[in-house]
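S.K.: Encoded as structure tokens, here's the structure I'll be asking about.
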Amino acid sequence: MSTDIKKSGIITIVGRPNVGKSTLTNALVGEKVAIVTNKPQTTRNRICGILTRGESQFVFVDTPGLHRARTRLGDYMVRVVKESVADVDAVLLLVEPIPNVGEPERQLIGRIKALGCPSVLAINKADTLERKEKLLEVIRLYSQEHDFDAVVPISARTGQGVEQLLEVLEGLLPQGPQLFPEEMTSDQPERQMMSELLREKMLLCLDKEIPHGTAVEITRFAQREDGVVEVEATIYCEKDSHKGIIIGKGGAMLKKVSTLARQDMERYMGSKVYLQTWVKVKENWRDNPAAIQNFGYTQQ
Numbered sequence: 110m111s112t113d114i115k116k117s118g119i120i121t122i123v124g125r126p127n128v129g130k131s132t133l134t135n136a137l138v139g140e141k142v143a144i145v146t147n148k149p150q151t152t153r154n155r156i157c158g159i160l161t162r163g164e165s166q167f168v169f170v171d172t173p174g175l176h177r178a179r180t181r182l183g184d185y186m187v188r189v190v191k192e193s194v195a196d197v198d199a200v201l202l203l204v205e206p207i208p209n210v211g212e213p214e215r216q217l218i219g220r221i222k223a224l225g226c227p228s229v230l231a232i233n234k235a236d237t238l239e240r241k242e243k244l245l246e247v248i249r250l251y252s253q254e255h256d257f258d259a260v261v262p263i264s265a266r267t268g269q270g271v272e273q274l275l276e277v278l279e280g281l282l283p284q285g286p287q288l289f290p291e292e293m294t295s296d297q298p299e300r301q302m303m304s305e306l307l308r309e310k311m312l313l314c315l316d317k318e319i320p321h322g323t324a325v326e327i328t329r330f331a332q333r334e335d336g337v338v339e340v341e342a343t344i345y346c347e348k349d350s351h352k353g354i355i356i357g358k359g360g361a362m363l364k365k366v367s368t369l370a371r372q373d374m375e376r377y378m379g380s381k382v383y384l385q386t387w388v389k390v391k392e393n394w395r396d397n398p399a400a401i402q403n404f405g406y407t408q409q
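What follows is the structure, encoded as structure tokens:
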């Protein structure tokens, strides 16, 4: 580990589902450490993205969106959010540029107030606004709710304002030692990242509720002597009809999902990946505590 680090801290990123938390985490870290889709509740676990630059090390905690839970998996995700807004050095509340403070935001602001730690309001998708007056109205309404240390308009998708946000956050980091090796960008094991990349492609390729009822188990992860990484994965879904849709006519959908996932896995691993996938049914697994834990959704 480097001994040049003088400031380090844990910054948790919170907000409602689909506000862009994972996109922002990836933009802050500078590479893909969290999966991103246009569907809400993509993130299920808390994911740490790590950025080391200059004399500072940032540990960003990307959390699931705060939503009304409908399953035990949903309960777990809400619990992860609430427990992530504790024992951190700063909280970043990410919101959309809508001049209205919703109930999920009010709940999160309440937790920020209870903690009394530094907080930053980042207004995402600022590039979509045609009138600056609307942005000023969003800032005014949120400032009435809480006295944030800073308010930064950004676009996580284009990178606009991300550097300014980093500078603001660096000013909030306490003095502290290096927490992770300099080259590390995520605390996720490679095996877990393979699982997440496959799940991301299902969220992108499949419609409606089906991908939310899926889980991925990596049953084999090994690197051969020639450098090729062998990955065997089982996709679990909740109904036989869902299994048919995931596999597709003549296996076309499963092949599409697997090919897209393999391409991302190769980028992530920096080597060739040989991926094999299977689909199995596990009815109502999202309401089965043992299954939830078995798929890696355990308290951290």
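Here my numbering is used: the first residue of the sequence shown is 110, the next is one more, and so on. A virtual CB, placed ideally from N, CA and C, is assigned to each residue, including glycine.
#1: Pick helix, strand or coil for GLN385, following the three-state DSSP scheme.
#2: Going by CA-CA distance only, name the one from ILE327, LYS141, LEU313 and GLY270 that's closest to ARG376.
#3: Let me check understanding here. Comparing Cα to Cα, which of VAL390, ILE248, CYS157 and LYS115 lies closest to SER131?
#4: Just the C-alpha distance for VAL194 and LYS364, rounded to the nearest angstrom, thanks.
#5: Hey, PRO238 and LEU244: beta-carbon distance below 7 Å or not?
#6: To the nearest angstrom, report how far apart PRO149 and GLY129 are at their CA atoms.
#7: Distance check for LEU315 and ASN127, CA to CA, integer angstroms please.
#8: I want to know whether the segment 282-299 touches the segment 114-121 - three or more CB-CB distances under 8 Å.
#9: Does the Cβ-Cβ distance between LEU307 and VAL325 come in under 7 Å?
#10: Report the three-state DSSP secondary structure of ASP256 (helix, strand or coil).
#11: Within its chain, find whatever has a CB closer than 6 Å to the CB of GLY118; leave out the 5 residues flanking it on each side and keep chain order.
#12: I believe PRO213 touches ASP258 by the beta-carbon criterion, under 8 Å. Please report the beta-carbon distance rounded to the nearest angstrom.
#13: Going by alpha carbons, who is nearest to GLU339 out of GLY322, GLY359, THR323 and MET374?
#14: Could you check the C-alpha separation between GLY280 and LYS310 for me, to the nearest Å?
#15: Report yes if the C-beta distance between VAL390 and ASP349 is below 7 Å; otherwise report no.
#16: From this set, GLY124, MET303 and THR161, which residue's C-alpha is nearest THR294's C-alpha?
#17: So what does DSSP say about THR152, is it helix, strand or coil?
#18: In or out: GLU347 buried (at least 16 other Cβ within 10 Å) or exposed?
M.R.: On the basis of the data shown:
#1: strand
#2: LYS141
#3: CYS157
#4: Note that VAL194 scores 46 on pLDDT, short of 50, meaning its location in the model is unreliable; the coordinates nonetheless yield the value given after this. Each residue's alpha carbon lies about 39 Å from the other.
#5: The question names Pro, but residue 238 in the sequence shown is Leu. In contact: LEU238 and LEU244 (Cβ atoms closer than 7 Å).
#6: No answer about PRO149 holds up, because its pLDDT of 46 lies below 50 and its placement is not dependable.
#7: 17 Å
#8: yes
#9: yes
#10: coil
#11: ASP198, LEU282 and PRO283
#12: Actually they do not touch by this definition, with Cβ atoms about 21 Å apart.
#13: MET374
#14: 37 Å
#15: yes
#16: THR161
#17: Only weak support exists for where THR152 lies, its pLDDT of 48 falling under 50; the value from the coordinates is given anyway. Coil at THR152, not helix or strand.
#18: buried
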